[in-house]
Every structure is written in C-alpha cells, then in structure tokens.
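**Student:** Take 168 as the starting number for the sequence shown in my numbering and just add one per residue.
For every residue, glycine included, the Cβ atom is placed at its ideal position computed from N, Cα and C.
This is the structure I have questions about; it appears just below.
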Amino acid sequence: MESKGENMRHVPRLCPRCKRVPLRTPQVMNSLSRCTRGIDDEHVYVCNPCGTDEAFEEYHTGGAGLTPMINWPIESRVNQDIIDVLQVQYDIMLTEQMEELL
Numbered sequence: 168m169e170s171k172g173e174n175m176r177h178v179p180r181l182c183p184r185c186k187r188v189p190l191r192t193p194q195v196m197n198s199l200s201r202c203t204r205g206i207d208d209e210h211v212y213v214c215n216p217c218g219t220d221e222a223f224e225e226y227h228t229g230g231a232g233l234t235p236m237i238n239w240p241i242e243s244r245v246n247q248d249i250i251d252v253l254q255v256q257y258d259i260m261l262t263e264q265m266e267e268l269l
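Now the structure itself:
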C-alpha cells in the first residue's frame with residue numbers, strides 16, 4: 168500500500184491539460200482524464216474544469232472529439248461557458264445549504 172507521501176509525490180502541481188489550475192490532493196479529488204481509459208494506459212488526472220470540458224467534448228462528438236494529449240496544454244477550454252454556468256449554479260446551491268445550517 169502506498170503511503171500518503173508517496174501518493175502525493177505523483178500529483179503534478181498544475182493540471183497537465185490546461186497548465187493553469189493547481190491539482191488537488193489527494194489525487195482522487197481531481198478528474199481522471201478520459202484520454203487515459205485504456206487497459207494499459209497510465210492514469211492521468213486533470214483539474215475538474217478540464218474533466219468537465221472533456222466530458223462535454225466526448226458527449227458532443229459521440230466520443231470521437233477529445234482533445235488528444237499531444238495537443239496539451241490547451242489554449243482554452245472548448246466548453247468554458249457551460250462550465251461557468253455550472254459553477255455558478257453549484258455556488259448558489261452550496262450557499263443556500265450553508266445558510267440553512269446557520
């Protein structure tokens with residue numbers, strides 16, 4: 168079993184897809200890139216906004232439109248407008264839940 172220090176050592180500081188967002192620790196708090204789903208693929212974690220962007224890329228293209236890792240880091244997320252709307256909705260929901268607890 169890996170120790171906590173060993174697991175954290177494998178987490179890059181910035182998202183490898185966008186090179187802008189710091190990855191979270193522990194590693195599982197990030198998104199597993201959809202580009203690394205093969206049986207023999209080494210798992211690569213990306214920030215959650217990039218994971219959401221990959222999900223929308225895959226959905227809109229029937230699975231054929233993921234930005235390949237050779238094109239990383241990306242210049243911008245294709246679906247950033249949708250990601251922003253989702254984040255606002257999440258922030259509203261979280262704020263409402265916190266207010267209920269007060």
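What number of angstroms, rounded off, separates the C-alpha of CYS214 from the C-alpha of HIS227?
**Tutor:** About 20 angstroms.
**Student:** List the endpoints of the continuous alpha helix (DSSP H) containing PRO216.
**Tutor:** Taken as a continuous stretch (DSSP letters only), the alpha helix (DSSP H) holding PRO216 covers 215 to 227.
**Student:** Determine, using beta carbons only, whether LEU190 and LEU199 come nearer to each other than 8 angstroms.
**Tutor:** No, the pair does not count as a contact, with Cβ atoms beyond the cut-off.
**Student:** Three-state secondary structure (DSSP) at LEU190?
**Tutor:** Three-state result, LEU190: coil.
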